[in-house]
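Here is the structure we will look at.
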Amino acid sequence: MSDFITSIKENNSIVIIETNGYLNNVGGEAVSAVVYEKMAQGQTKFLINMAGTKIVNSIGVSILIEIIEKLQEVNGKIGYYNLAPIVAKTFNIMGLTKYSTVHETEEAAVNEL
Amino acid sequence: MKKPSVELRLPILPNMELIATQTAEVISRHMNLTEDQGAEISMALIEACINAFEHSKAENNVFINFLIEDDSLVIKVIDQGIGFDKTKVEIPKIENKIGKDERKRGWGLQLIQELMDSVEFESNDEGTTVTMKKNIKH
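Just so you know, the sequences run in chain order C and X.
Just remember that the numbering used here sits 147 ahead of the position in the first sequence, which is counted from 1.
Just remember that the numbering used here sits 55 ahead of the position in the second sequence, which is counted from 1.
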């Protein structure tokens with residue numbers, strides 16, 4: 148597992164990926180590697196706990212757009228929770244919130260995804 | 056009296072933009088900017104640095120000047136690369152990227168413009184200067 152991903156668990160058939168640090172190209176690729184591996188095993192619902200990620204760049208977030216696109220092909224979904232305000236604002240500016248969801252807590256995310 | 060300023064010279068190496076954000080955080084605290092303002096400045100700065108590192112094809116350093124004004128923070132990101140024509144940069148829309156062959160990247164200028172109060176670009180075949188300004192709102 149990469150340094151960027153601190154844990155991977157499942158809750159109610161949803162894969163929950165916890166991240167820590169800078170979401171740049173390396174971080175984005177670490178997330179996509181996990182998602183694509185789990186998709187190959189039949190998983191279609193994913194959540195990212197971003198409590199430990201206070202800073203992102205557009206390259207890392209663009210990789211999340213690629214993940215959204217891949218998930219659309221299998222009617223899958225991805226959501227995020229514990230976002231820092233600037234991360235939420237960046238997702239909003241880039242339009243991720245039109246194709247994926249932002250939640251307050253893990254409990255809310257699992258219920259709402 | 057001369058306004059205080061901070062100058063950085065960054066080598067073009069991975070994650071060097073984080074040095075710029077650390078400096079911005081210190082300056083933001085000095086200026087009593089809100090946490091949200093500081094985070095917006097850092098995010099805009101990351102994108103301006105990445106553009107300078109990746110798209111300018113500059114081989115040398117990228118220079119960053121922070122100018123502390125009474126009512127604003129002005130940041131200049133300067134590269135000595137090949138320049139670009141801003142009129143040819145399309146405004147990105149996720150609708151045009153999802154499910155299409157179009158590359159998913161290309162958000163830097165849009166983010167900078169959304170996060171800062173004003174942005175100016177001066178560019179020619181000897182380099183680019185991006186001047187970004189954040190007004191102080193206490």
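All residues carry an ideal CB built from backbone N, CA and C; glycine is no exception.
Owing to the predicted nature of the structure, the values given are computational and were not obtained by experimental measurement.
- [ ] With DSSP collapsed to three states, give me the class of Phe139/X.
- [x] Translated into the one-based positions of the second sequence, residue 139/X becomes position 84. Of the three classes helix, strand and coil, the one that applies to Phe139/X here is coil, per DSSP.
Task: Residues, ordered as in the chain, of the segment 91-123 of chain X that lie near chain C by beta-carbon distance below 8 Å - done: Against chain C - using a Cβ distance shorter than 8 Å - the residues of the segment 91-123 of chain X are Asp91, Ala94, Glu95, Ser97, Met98, Ile101, Glu102, Ile105.
Open item on the list: My output table needs one value for Met241/C: the three-state DSSP class, helix, strand or coil.
Closed with: Translated into positions along the first sequence, residue 241/C becomes position 94. Reduced to three states, the DSSP call for Met241/C is helix.
Open item on the list: Could you compute how far the alpha carbon of Ile210/C sits from the alpha carbon of Lys159/X?
Closed with: Walking along the first sequence from the start, residue 210/C turns up at place 63. Walking along the second sequence from the start, residue 159/X turns up at place 104. Those two C-alpha atoms are separated by around 8 Å.
Task: CA-to-CA distance, Ile215/C to Tyr246/C, given in whole angstroms - done: Locating residue 246/C in the first sequence gives position 99, counting from the first residue. Locating residue 215/C in the first sequence gives position 68, counting from the first residue. So the alpha carbons of these two residues sit roughly 7 Å apart.
TODO: Run the CB neighbour count on Leu68/X, radius 10 Å, all protein chains shown included, and call it buried at 16 or more, exposed below.
DONE: Translated into positions along the second sequence, residue 68/X becomes position 13. Its Cβ having fewer than 16 others within 10 Å, Leu68/X is exposed.
Open item on the list: Against Glu213/C, what residues of chain X qualify as contacts under a CB-to-CB distance less than 7 Å, listed in chain order?
Closed with: Start at 1 with the first residue of the first sequence, and residue 213/C comes out as number 66. Going along chain X in sequence order, the residues near Glu213/C (Cβ under 7 Å) are Lys159.
Task: Rounded C-alpha distance that separates Val181/C from Ser60/X - done: Numbered from 1 along the first sequence, position 34 holds the residue referred to as residue 181/C. Numbered from 1 along the second sequence, position 5 holds the residue referred to as residue 60/X. If I take the Cα positions, the gap works out to 44 Å.
TODO: Give the DSSP bridge partners of Arg245/X, in chain order.
DONE: The structure shown does not extend to residue 245/X, since chain X spans only 56 to 193, so no value can be given for it.
TODO: For Ser123/C, name the three-state secondary structure that DSSP assigns.
DONE: With chain C running from 148 to 260 in the structure shown, residue 123/C is simply not present.
Open item on the list: Quick check on Ile133/X: does DSSP put it in helix, strand or coil?
Closed with: On the second sequence, residue 133/X is found 78 positions in, with the first residue counted as 1. Ile133/X: strand per DSSP, three-state reduction.
Task: Own chain partners of Glu251/C with C-beta closer than 7 Å, once the 5 adjacent residues on each side are dropped - done: Translated into the one-based positions of the first sequence, residue 251/C becomes position 104. Answer for Glu251/C: Tyr228, listed in chain order.
- [ ] Spell out the partners DSSP gives Ile123/X in its beta bridges.
- [x] Numbered from 1 along the second sequence, position 68 holds the residue referred to as residue 123/X. Paired residue(s): Leu128/X.
- [ ] Leaving out five residues on either side along the sequence, give the residues of the same chain with a beta carbon under 8 Å from the beta carbon of Ile164/C.
- [x] Residue numbering aside, residue 164/C sits at position 17 when the first sequence is read from its first letter. Closer than 8 Å at the Cβ level, and outside the excluded window around Ile164/C, lie Ile152, Ser154, Ile155, Val178, Val181, Val182, Phe193, Leu194, Ile195, Asn196.
TODO: Please go through the same chain and pick out, in chain order, the residues whose beta-carbon is closer than 8 Å to the beta-carbon of Lys201/C, but skip the five residues on each side of it.
DONE: In the first sequence, residue 201/C corresponds to position 54, counting from 1. Excluding positions up to five away in sequence, the list reads Ala231, Ile233, Val234.
- [ ] Taking the CB atoms as reference points, tell me whether Ala94/X and Met171/X lie closer together than 7 Å.
- [x] Residue numbering aside, residue 94/X sits at position 39 when the second sequence is read from its first letter. Residue numbering aside, residue 171/X sits at position 116 when the second sequence is read from its first letter. Contact: no.
- [ ] Please classify Gly189/C: is it buried, with 16 or more other beta-carbons within 10 angstroms of its beta-carbon, or exposed?
- [x] For the purposes of this step, residue 189/C is taken as residue 42 along the first sequence, with counting starting at 1. By the neighbour-count rule (16 or more Cβ atoms within 10 Å), Gly189/C is not buried but exposed.
Open item on the list: In the DSSP output, which residue or residues are listed as bridge partners for Met71/X?
Closed with: Within the second sequence, the letter at position 16 stands for residue 71/X. Its beta-bridge partners do not exist; DSSP assigns none.
Task: Glu254/C to Thr237/C span [Cα, whole Å] - done: Translated into the one-based positions of the first sequence, residue 254/C becomes position 107. Translated into the one-based positions of the first sequence, residue 237/C becomes position 90. Their backbone Cα atoms lie some 23 Å apart in a straight line.
Task: Proximity winner among Ile101/X, Thr89/X, Glu102/X, relative to Ser127/X (alpha-carbon distances) - done: Reading the second sequence from its first residue, position 72 is the one you call residue 127/X. The candidate whose alpha carbon is nearest that of Ser127/X is Thr89/X.
Open item on the list: Among Ala113/X, Val129/X, Gly154/X, whose alpha-carbon lies nearest the alpha-carbon of Glu181/X?
Closed with: The count along the second sequence starts at 1 and reaches residue 181/X at position 126. Looking at the Cα atoms, Ala113/X is the closest of the given residues.
- [ ] With 7 Å as the threshold, decide whether the Cβ of Ile240/C is near any Cβ in chain X.
- [x] Counting from one through the first sequence, the residue named residue 240/C turns up at place 93. For Ile240/C, the answer is yes, since a Cβ of chain X falls inside 7 Å of its Cβ.
TODO: Taking all protein chains shown into account, decide if Met241/C is buried (16 or more other Cβ within 10 angstroms of its Cβ) or exposed.
DONE: Taking the first residue of the first sequence as 1, we reach residue 241/C at position 94. Buried is the call here.
Open item on the list: Tell me which residues share the same chain as Asn300/C and place their Cβ nearer than 8 Å to its Cβ, disregarding the 5 neighbours each side in the sequence.
Closed with: Missing from the structure shown is residue 300/C; chain C here goes from 148 to 260 and no further.
- [ ] Alpha carbon to alpha carbon, how far is Lys141/X from Thr166/C? Give it in angstroms, no decimals.
- [x] Translated into the one-based positions of the first sequence, residue 166/C becomes position 19. Translated into the one-based positions of the second sequence, residue 141/X becomes position 86. If I take the Cα positions, the gap works out to 35 Å.
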